[in-house]
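Inspection log for the structure reproduced underneath, given as structure tokens.
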Amino acid sequence: MEIDVFGDERQDVFWIVGLGLAQRHATTMRPGAVYAGQVVPALCATELKIPQPTPIGRDPRSKPITDKCPDCAERIAEGEFTETTWDF
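This is the structure:
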């Protein structure tokens with residue numbers, strides 16, 4: 175019997191609000207693995223500039239933003255992705 179240990183794996187995507195943007199975009203780059211100010215690509219090809227981390231005791235400014243990019247959402251619907259909302 176052969177067991178496929180990778181058969182149920184899904185690609186992780188992170189919904190983030192890039193610096194200066196008003197909606198969330200999805201990226202496969204883990205936001206915590208890149209530095210503030212770095213530009214990463216979204217699934218829709220928008221460039222997302224990673225914001226500075228929020229100081230302890232404050233809520234991230236992006237937390238109330240729930241509007242998601244329809245192009246990113248469409249690409250996620252076409253594939254097998256595990257979604258995470260990420261705020262800095």
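Each residue of the sequence shown is one higher than the one before, counting from 175 in the working numbering. Beta carbons: idealized from backbone N, C-alpha and C, even for Gly.
Exposed or buried, residue i, counting other C-beta atoms within 10 Å across all chains shown (16 or more means buried)?
i	result
I201	As written in the sequence, residue 201 is Thr, which differs from the Ile given in the question. Buried, since its Cβ has 16 or more Cβ neighbours within 10 Å.
P229	exposed
Where does the unbroken alpha helix (DSSP H) through residue i begin, and where does it stop?
i	result
P244	P244 to E252
Smallest Cα separation from residue i: which of the options?
i	options	result
L217	L193, K242 and D261	K242
Q185	D261, A251 and G231	A251
Q197	P227, E221, Q212 and D233	E221
E248	G192, H199 and V191	H199
Where do the N-terminal and C-terminal ends of the beta strand (DSSP E) with residue i fall, by residue?
i	result
Q185	Q185 to I190
F255	F255 to T259
A200	H199 to T201
Just to confirm my understanding: we take residue i, look at its own chain, exclude 5 residues before and 5 after, and list those with CB closer than 8 Å. What are they?
i	result
G194	K223
Between residue i and the rest of its own chain, which residues show a CB-CB distance below 7 Å, the 5 nearest in sequence each way excluded?
i	result
T240	none
Mapping the DSSP letters down to three states, classify residue i as helix, strand or coil.
i	result
P215	strand
A207	helix
Excluding sequence positions up to five away, which residues of its chain have a Cβ less than 6 Å from the Cβ of residue i?
i	result
V191	R198, S236 and I239
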